[in-house]
Amino acid sequence: MKLNKIEHTFSSMKSETSDEHVLVISGAIGEGGYFYEGTSATDVRKALENVKAKTIRIKLNSPGGNAFDGLEIYNYLKDLDAHVIVEVTALAASAASIIAMGADEVIMRTGSTMMIHNASTITYGNKDEMLKVHEYLSKIDTSIIDVYKEKTGLSTDEIKEMLNNETWFTASEAFEKGFADSYETQTKEEKEITSYLNSNYSISQKIDVENEIKEIKNQISELQNQNNKNQEVKDKSVNDNRLKSLLF
1 MKLNKIEHTF SSMKSETSDE HVLVISGAIG EGGYFYEGTS ATDVRKALEN
51 VKAKTIRIKL NSPGGNAFDG LEIYNYLKDL DAHVIVEVTA LAASAASIIA
101 MGADEVIMRT GSTMMIHNAS TITYGNKDEM LKVHEYLSKI DTSIIDVYKE
151 KTGLSTDEIK EMLNNETWFT ASEAFEKGFA DSYETQTKEE KEITSYLNSN
201 YSISQKIDVE NEIKEIKNQI SELQNQNNKN QEVKDKSVND NRLKSLLF
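In structure tokens:
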């Protein structure tokens, strides 16, 4: 199995023994930000645009993110000639659940969950602007309902009630409601692949966090040295405790 690192938080690999390409998506959906990485629609398109495999298997674990990126990825997967399989390895929530609906086959792994809810945003403004935001979010909800209806065959009212209640599904519940086509345990080979990828992500992310902590500690050390020159020992002790609280 040849592993190729793709920018951001996913990896892709082509099996040397079968005509299958595996894409792993882990983390937020969207462009990401200063404090977190994200997987955007552009990322997915770049990762798969030259793939000729007959089957594309996406291992998905995401809390969600940008609804429009989710919808774009959903439609991109639907348009692929390959047979697309989405395996929910832990969580497919919010925008990530939309992505799953674009697959030809959705598999819920043991212990995995799925969550759907109404669109939300953070905004400010006057009453007229707030009414526009309400209308805007309502239209997004309507679009999302269409996506879930197409996959599950459930009615608009049934889906709307689930969205209003922010509904969480276990693996078997997602299957029973039509959001998934099956739920099962991983094979030994697939467990080894997932374990390998998760291990690499953990190491990489751990190194990044450790480096950030070291940098913060260095900055704190510099501040402490400056305080030592101008403050008494008692004041220094108080400031040390305040600075330490920034880290924990």
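Residue numbering for the sequence shown follows full-length UniProt numbering, starting at 1 and increasing by one per position.
Each residue gets a CB set at the ideal place from its N, CA and C atoms; glycine is no exception.
Fair warning: this is a prediction, and the values are worked out from it, not measured in the lab.
Identity of the residue in the options nearest residue i by Cα
| i | options | result |
| --- | --- | --- |
| I85 | T170, E20, M162 and K149 | E20 |
| G38 | E87, V51, E49 and N66 | N66 |
| N118 | V106, K54, E129 and K139 | K139 |
| D104 | V133, K54, L131 and K132 | K54 |
| V147 | I116, K59 and N50 | I116 |
| D181 | V133, V51, V44 and V106 | V106 |
| A93 | M114, Y76 and N50 | M114 |
| K46 | R109, G111 and Y76 | Y76 |
| S62 | V51, K52 and L91 | L91 |
| F175 | K132, V133 and T110 | T110 |
| S112 | N50, G27, W168 and V51 | W168 |
| G27 | K52, N50, V51 and S97 | S97 |
| D141 | T170, V51, S120 and N50 | S120 |
Distance cut-off 8 Å: residue i Cβ against heavy atoms of the ligand MN
| i | result |
| --- | --- |
| I99 | Because no ligand of any kind appears in the structure shown, any question about the ligand MN cannot be addressed here. |
8 Å CB neighbourhood of residue i in its chain, flanking five on each side removed
| i | result |
| --- | --- |
| I207 | Any reading at I207 needs caution, since the residue's pLDDT is 49, under 50, leaving its predicted position unreliable; the model's value is listed next. Cβ within range, chain order: n/a, list empty. |
| I145 | T156, I159, K160 and L163 |
| S202 | Because the pLDDT of S202 is 48, which lies under 50, any placement of that residue in the model is unreliable, and the question is left without a value. |
| G153 | G178 |
| S143 | L71 |
| V133 | T121, T123 and G125 |
Same chain only: Cβ atoms within 6 Å of residue i, ignoring 5 sequence neighbours per side
| i | result |
| --- | --- |
| I99 | G70, I73 and Y74 |
| L48 | none |
| K59 | V24, E87 and T89 |
| E166 | H117 |
| D128 | none |
| L137 | A119 |
Beta-carbon contacts of residue i that lie in its chain and below 7 Å, excluding the five residues immediately before and after
| i | result |
| --- | --- |
| K151 | M101, G178 and F179 |
| residue 270 | One cannot answer for residue 270 here, as it falls past the ends of the chain, which runs 1 to 248. |
| A95 | I29, G64, G65, N66, A67, D69 and G70 |
| E31 | G38 and S40 |
| K149 | T156 and I159 |
| T170 | T113 |
Residues bridged to residue i (per DSSP)
| i | result |
| --- | --- |
| F169 | M114 |
| G183 | Correcting the residue type first, residue 183 is Tyr in the shown sequence and not Gly. Y183 pairs with M108. |
| S159 | In the sequence on display, residue 159 carries Ile and not Ser. In the DSSP output, where bridge partners are listed per residue, I159 has none listed. |
| residue 250 | Nothing can be reported for residue 250: it is not among the residues displayed for the chain, which extend from 1 to 248. |
| E20 | T55 |
| A28 | G38 |
Give a yes or no on contact between the segment 123-141 and the segment 76-94, applying the rule of three or more CB pairs nearer than 8 Å. With the rule of 3 Cβ pairs closer than 8 Å, the segment 123-141 does not count as touching the segment 76-94.
Which runs of the alpha helix (DSSP H) spanning at least 4 residues fall entirely within the segment 100-149, listed in chain order? Whole alpha helix (DSSP H) segments, 4+ residues: zero.
Restricting to runs no shorter than 3 residues, where is the beta strand (DSSP E) found entirely within the segment 37-109? If only uninterrupted beta strand (DSSP E) runs of at least 3 residues are considered, those enclosed by the segment 37-109 are 55-62, 83-93 and 105-109.
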